[in-house]
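These notes are about the structure you will find just below.
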Amino acid sequence: MISNINNQKIEIIEFHINQFPSDRVHIYLDEDFHKKVFSKIRQYKFKQFNKLFFENKLNWSTFKLWKRRGTDLKIRIKNHFIPLWFILKLSEIFPEFSIEEFEKNIFAMKGPSSSSIIYNPNLPLREDGRLLKIIAHFLGDGHVDGAFGSNLSKGKSHSEYRNYNPIMLDSFEKDLQTFGQVKISKDYRHGHIIVPNLIGYILEHIYKIKFDCHNSRVPETLFLLPRELIASFLRAFCDDEGHVYDSSVEYYSTNKELLQDTLRLMNMGFPEIETSKVKTNSSRKKYKHSMKYYFTIYNNSQKEYLNLIGFDHQQKREDLIFNITRKGLRNKNPKGKILELLKNDILTAKQISRMMGIRHSSVLEHLSELKKLGKVKIVKKEHWTNFWAIKF
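Quick note on my numbering: the sequence shown kicks off at 3 and runs consecutively.
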């Protein structure tokens, strides 16, 4: 499929249901199509059908539930989902029911047991920018797990994306709609979105990827993508695992191999952006279990980075634009100006930096000196950010 991304015509890869994990996906068909399929099966006696096509491995009671589609429990209708492997087999047995025909008539899908349901799934699944961002977020601040849906076995947990920035949570929720109508649980206070485990199952299977902090790698197929899609992946990864300094942008991770993959992807897709090699945070070398690695986008490439990749994270984007457009205004008495600003308000170092048009690091140095002189103090701290005030 050809799609238009940033005025560029890009060929988008599509993933059909026969590329999904057949033992993890369960399907709920549209009612009329469901009747049509099982009407076709009815030309066989169950025993004959079971022997001919399934080596007698089908269970009659289970098959009856699939055929029934739903059971009236008086207080509610219990829907009976059909495992994907059975659907795929039917498409082989009855050529008129092709994979594409099934995809057009899937009302909902979910993982095993009582997993959360995805309604009106978008099939085939398109490898667009939203999908690439979801992968990056799971690699960055996400977690993919789950045994059998919400009835999790010991040691298992829900799949989720974590970020304390409400805009990033909303953006992730919006991107999930590339799968269809996805039911999520969003908590701004604790900074996370719980998503159906099925999404992780599908992505792990398609991309042959592991979503865990120590073994995750960038899927090799991403290196074959057009750079417009590579940009979506890199933007989302840095939204989570990046920081904007006064003169650089930094990607970081505790997973060295993952970060090396990310750097290779950037160097291959955007050779005009100048970067460092992957380095080790020297201050953490003695803590091997929490070693942190990073690479840097140099100052002379910040404008190219903004235009070619950029940020969805609003604050990081604003910080990068500030760095690029800052005119280097010199203040004859910076400490006096800081004290003047703090007379009327409680401010962070970054807020002072933006108001004065000088480096964030310079403001931090001035505040540290003023604190030693007993003229300012830290009055509170929120998410690793200090708020400063005049000390009377």
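Here a beta-carbon is modelled for each residue, glycine too, at the ideal position from N, C-alpha and C.
> Once you ignore the five residues that flank I326 on each side, which residues in its own chain have a CB closer than 8 angstroms to its CB?
Replying inline: In the sequence shown, counting from the first residue as 1, residue 326 sits at position 324. For I326, where only same-chain residues beyond five positions count, the Cβ hits under 8 angstroms are Q304, K305 and L308.
>> So L265 and F313 are supposed to be a Cβ contact under 8 angstroms. How far apart are they, rounded?
In response: Start at 1 with the first residue of the sequence shown, and residue 265 comes out as number 263. Start at 1 with the first residue of the sequence shown, and residue 313 comes out as number 311. 18 angstroms between Cβ atoms; not a contact.
> In terms of residues, what are the limits of the beta strand (DSSP E) holding M111?
Replying inline: Residue 111 sits at position 109 when you count from the first residue of the sequence shown. Start and end: I108 to K112.
> If you drop the 5 nearest sequence neighbours on each side, which residues of the same chain put their C-beta closer than 7 angstroms to that of I186?
Replying inline: As a position in the sequence shown, residue 186 is number 184, starting the count at 1. Closer than 7 angstroms at Cβ, skipping near neighbours: E175, L178, I195, I196 and V197.
>> With a threshold of 6 angstroms on Cβ separation, who are the neighbours of K69 within its own chain once the five nearest residues in sequence on each side are excluded?
In response: Residue numbering aside, residue 69 sits at position 67 when the sequence shown is read from its first letter. Answer for K69: F40, listed in chain order.
>> Spatial neighbours of P85 within its chain, please: C-beta separation below 8 angstroms, excluding the five flanking residues on both sides.
In response: For this step, residue 85 is matched to residue 83 along the sequence shown. Cβ within range, chain order: S24, D25, V27, H28 and I29.
> With a cut-off of 8 angstroms, do at least 3 Cβ pairs link the stretch 235-248 to the stretch 141-148?
Replying inline: yes
>> As a quick exercise: from G131, F99, K106 and E276, pick the residue whose alpha carbon is nearest that of L224.
In response: As a working note, residue 224 is residue 222 in the sequence shown. When each option's Cα is compared against that of L224, the closest is G131.
> Should V381 be labelled buried (16 or more other beta-carbon atoms within 10 Å of its own) or exposed?
Replying inline: Stepping through the sequence shown from its first residue, residue 381 is reached at position 379. It counts as exposed.
> Looking only at its own chain, which residues have a Cβ that is under 6 angstroms from the Cβ of S249, when we skip the five neighbours before and after it?
Replying inline: As a first step, residue 249 is located in the sequence shown; it is residue number 247 there, counting from the start. Counting only Cβ-Cβ distances below 6 angstroms, and skipping sequence neighbours, we find N301.
> Which whole-angstrom value describes the C-beta separation of Y254 and Y190, a residue pair presumed to lie in contact below a C-beta threshold of 8 angstroms?
Replying inline: The residue labelled residue 254 in the question sits at position 252 within the sequence shown. The residue labelled residue 190 in the question sits at position 188 within the sequence shown. The Cβ separation is near 25 angstroms, so there is no contact.
> Alpha carbon to alpha carbon, how far is K112 from L67?
Replying inline: To locate residue 112, count along the sequence shown from 1; it is residue 110. To locate residue 67, count along the sequence shown from 1; it is residue 65. When rounded, the distance between both Cα atoms is 17 angstroms.
> My guess is that F55 and I95 are in contact by the Cβ rule of under 8 angstroms, so how many angstroms apart are they, rounded?
Replying inline: Start at 1 with the first residue of the sequence shown, and residue 55 comes out as number 53. Start at 1 with the first residue of the sequence shown, and residue 95 comes out as number 93. Right, the Cβ-Cβ distance comes to about 6 angstroms (below 8 angstroms), so this counts as a contact.
> If we ignore side chains and look at the alpha-carbon of each, how far apart do D32 and N20 end up?
Replying inline: To locate residue 32, count along the sequence shown from 1; it is residue 30. To locate residue 20, count along the sequence shown from 1; it is residue 18. Between D32 and N20, the C-alpha separation is close to 19 angstroms.
> So, are the CB atoms of W390 and L341 less than 8 angstroms apart?
Replying inline: If you number the sequence shown from 1, residue 390 lands on position 388. If you number the sequence shown from 1, residue 341 lands on position 339. No, Cβ-Cβ distance for W390 and L341 is not below 8 angstroms.
> Which residues bound the beta strand (DSSP E) around K383?
Replying inline: By one-based count along the sequence shown, residue 383 stands at place 381. It spans V378 to E384 - the beta strand (DSSP E) in which K383 sits, taken as one unbroken run.
>> Report the start-end ranges of each alpha helix (DSSP H) in the stretch 158-196 that is 4 residues or longer and not cut off at the edges.
In response: 168-178
> For the alpha helix (DSSP H) that contains N388, what are its first and last residues?
Replying inline: Along the sequence shown, one-based indexing puts residue 388 at 386. Run containing N388: none in the alpha helix (DSSP H); it sits in the beta strand (DSSP E), T387 to I392.
> Where does H82 sit, in a helix, a strand or coil, going by DSSP?
Replying inline: For this step, residue 82 is matched to residue 80 along the sequence shown. Looking at H82 - three-state DSSP - the assignment turns out to be coil, as it is neither helix nor strand.
> Where H145 and F213 are concerned, what is the direct C-alpha to C-alpha distance, given to the nearest angstrom?
Replying inline: As a working mapping, residue 145 is identified with position 143 in the sequence shown. As a working mapping, residue 213 is identified with position 211 in the sequence shown. Answer to the nearest angstrom: the Cα atoms are 7 angstroms apart.
>> Quick check on L168: buried or exposed, where buried means 16 or more other Cβ atoms within 10 Å of its Cβ?
In response: Taking the sequence shown and counting its residues from 1, the one referred to as residue 168 is at position 166. Reading off the sequence, residue 168 comes out as Pro, not Leu. Label assigned to P168: exposed.
> When the Cα atoms are used, what is the spatial distance from I204 to E371?
Replying inline: Residue mapping note: residue 204 aligns to position 202 of the sequence shown, counting from 1. Residue mapping note: residue 371 aligns to position 369 of the sequence shown, counting from 1. Those two C-alpha atoms are separated by around 54 angstroms.
> Helix, strand or coil: which one does DSSP assign to K156?
Replying inline: Taking the sequence shown and counting its residues from 1, one reaches residue 156 at position 154. In this prediction, K156 has a pLDDT of 45, which is less than 50 and means its spatial position is unreliable; nothing more can be read from the coordinates.
> Counting along the chain, where does the beta strand (DSSP E) carrying L227 start and finish?
Replying inline: As a position in the sequence shown, residue 227 is number 225, starting the count at 1. Careful: L227 lies outside any beta strand (DSSP E) and carries neither H nor E.
> Expressed to the nearest angstrom, what Euclidean distance is found between the alpha-carbon atoms of Q262 and V220?
Replying inline: For the purposes of this step, residue 262 is taken as residue 260 along the sequence shown, with counting starting at 1. For the purposes of this step, residue 220 is taken as residue 218 along the sequence shown, with counting starting at 1. Going by the C-alpha atoms only, they are around 9 angstroms apart.
> Where does K37 fall in DSSP's three states?
Replying inline: For the purposes of this step, residue 37 is taken as the residue at position 35 of the sequence shown. It is helical.
> For the beta strand (DSSP E) that contains T298, what are its first and last residues?
Replying inline: Looking up residue 298 in the sequence shown gives position 296. Run containing T298: Y295 to I299, per the beta strand (DSSP E) assignment.
> DSSP state of V365, grouped into three classes?
Replying inline: What you label residue 365 is simply residue 363 of the sequence shown in a count that begins at 1. Looking at V365 - three-state DSSP - the assignment turns out to be helix.
> Can you name the start and end residues of the alpha helix (DSSP H) that I119 belongs to?
Replying inline: Within the sequence shown, residue 119 is the residue found at index 117, counting from 1. First-last for I119: I119 to Y121, but that is the beta strand (DSSP E), not the alpha helix (DSSP H).
>> For Y254, report the span of its alpha helix (DSSP H) as first-last.
In response: Residue 254 sits at position 252 when you count from the first residue of the sequence shown. No alpha helix (DSSP H) holds Y254; the beta strand (DSSP E) holding it covers V251 to S255.
>> If you follow the alpha helix (DSSP H) that L31 is in, where does it begin and where does it stop?
In response: As a working note, residue 31 is residue 29 in the sequence shown. Here L31 belongs to no alpha helix (DSSP H); instead the beta strand (DSSP E) covers H28 to L31.
> Where does E276 sit, in a helix, a strand or coil, going by DSSP?
Replying inline: The residue labelled residue 276 in the question sits at position 274 within the sequence shown. Coil.
> First and last residue of the beta strand (DSSP E) that includes H245?
Replying inline: Within the sequence shown, residue 245 is the residue found at index 243, counting from 1. Unbroken beta strand (DSSP E) run through H245: G244 to V246.
> Beta-carbon separation of N122 and G182 under 8 angstroms?
Replying inline: By 1-based counting over the sequence shown, the position of residue 122 is 120. By 1-based counting over the sequence shown, the position of residue 182 is 180. Going by C-beta atoms, N122 is nearer than 8 angstroms to G182.
> From what residue to what residue does the alpha helix (DSSP H) around F140 run?
Replying inline: Mapped onto the sequence shown, residue 140 falls at position 138. It spans G131 to G142 - the alpha helix (DSSP H) in which F140 sits, taken as one unbroken run.
> So, is E274 buried or exposed, given that buried needs 16 or more other C-beta atoms within 10 angstroms?
Replying inline: Within the sequence shown, residue 274 is the residue found at index 272, counting from 1. Exposed, since its Cβ has fewer than 16 Cβ neighbours within 10 Å.
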